[in-house]
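A quick write-up on the structure given underneath.
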Amino acid sequence: MNRTLPLLVAALLTIVGNAAQANVISNGSFETPDTSTIIVVGAGDPTITNWTVGLIGVDLVDAAGNGFLSGAAADGEQYLDLDGSPGPGSISQTFATTPATQYTLTFDYANNYTTPGTAQALVQVADGATTYLSNVISHNTSVAGNLDWTSYPAFTFTAQQATTTLSFMSMSGGVFGGILLDKIEINAVPEPASIGLIGLAATSFFVVRRRRLSV
Ligand SMILES: [Ca+2]
């Protein structure tokens, strides 16, 4: 028996799985650049890797050392406050898409509790011709020590252009008190061919295992 076959099948499973789950959003967890406190980023400032900042500005926040909000990030050590210092901001990222391919958007959001009330933001997925998603998110349950990160329901769209843009725009007018964002991902939905390949690889793996166990 070829003893390397199970390893090859396992490697194939990993490769296919990774390809099917490729996240096309860069720096969606806002871990770059690394800060131990907070970085104030105004409109047009390219400091936050791969994101374009608009309106007035946003704050890149270290969960542990920012000095005004307490509570863990949804992912990693940093997150974004969509109301910067001082005022509402927006972020956007344009990413490569394959026409006729399905993608799923997921992200976590919370609110800057230092300003009472409900924080709101507009989230959009669009290309030059089509708006796939335009929805207002609201959050008011964050408290000191627990930001109560909420997972946005997975939104799936079928891309039509070679590039698509994701954007978040603050609708909270206060100086602080904005929507907090973290863990933003857009993953390609596995195509039927990929799913078939995964199934084939899995079947092969278990057949080989059964053969090995029965020897
Ligand atoms: Ca993060």
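If you use mature numbering (1 follows the signal peptide of the UniProt record, and there is no 0), the sequence shown corresponds to residues -22 to -1, 1 to 193, in order. Using N, Cα and C, we set each Cβ at its ideal position, and we do this for glycine too. These numbers come from a predicted model, not from an experiment.
On a Cα-Cα basis, can you pick out the residue from the options that is closest to residue i?
i           : options               : result
residue 164 : 170, 73, 66 and 43    : 73
residue 198 : 88, 28 and 135        : Since the first residue shown for the chain is -22 and the last is 193, residue 198 is missing from the structure and cannot be characterised.
residue 156 : 99, 126, 133 and 124  : 99
residue 70  : 18, 87, 22 and 128    : 22
residue 41  : 30, 118 and 57        : 57
residue 102 : 94, 83 and 118        : 83
residue 138 : 162, 39, 77 and 113   : 77
residue 20  : 14, 5, 38 and 9       : 38
residue 44  : 150, 146, 113 and 122 : 122
residue 215 : 17, 51 and 104        : Given that the chain is displayed from residue -22 to residue 193, the structure contains no residue 215 and the question cannot be resolved.
residue 51  : 124, 150, 170 and 133 : 124
residue 6   : 170, 92, 144 and 150  : 144
residue 90  : 114, 131 and 46       : 46
residue 126 : 105, 24 and 118       : 118
residue 88  : -1, 25 and 162        : 162
residue 194 : 170, 24, 2 and 133    : The first residue shown for the chain is -22 and the last is 193, placing residue 194 beyond what the model contains.
residue 55  : 79, 92, 169 and 9     : 9
residue 95  : 4, 132, 116 and 169   : 116
Check the C-beta distance from residue i over to residue j and give it rounded, since I have them as a contact under 8 Å.
i           : j           : result
residue 59  : residue 36  : 6 Å
residue 66  : residue 33  : 5 Å
residue 140 : residue 81  : About 13 Å separates the two Cβ atoms, so there is no contact after all.
residue 11  : residue 27  : 7 Å
residue 129 : residue 86  : 5 Å
residue 146 : residue 158 : Their Cβ separation, rounded to whole angstroms, is 11 Å, which puts residue 146 and residue 158 out of contact at 8 Å.
residue 198 : residue 120 : What is shown of the chain runs -22 to 193, which leaves residue 198 out entirely.
residue 75  : residue 142 : 5 Å
residue 97  : residue 150 : 5 Å
Going by the DSSP bridge assignment, what does residue i pair with across the sheet?
i           : result
residue 138 : Beta-bridge pairing links residue 138 to no other residue.
residue 163 : 84
residue 59  : 37 and 158
residue 32  : 68
residue 147 : 68 and 100
residue 114 : 100
residue 1   : 165
residue 129 : 86
residue 16  : 39
residue 109 : 104
Please find out if some non-hydrogen atom of ligand 1 comes closer than 7 Å to the beta-carbon of residue i.
i           : result
residue 146 : no
residue 9   : yes
residue 56  : yes
residue 51  : yes
residue 40  : no
residue 160 : yes
Please report whether the beta-carbon of residue i lies at a distance below 8 Å from any beta-carbon of chain B.
i          : result
residue 94 : Any reference to chain B falls outside this structure, which holds one protein chain only.
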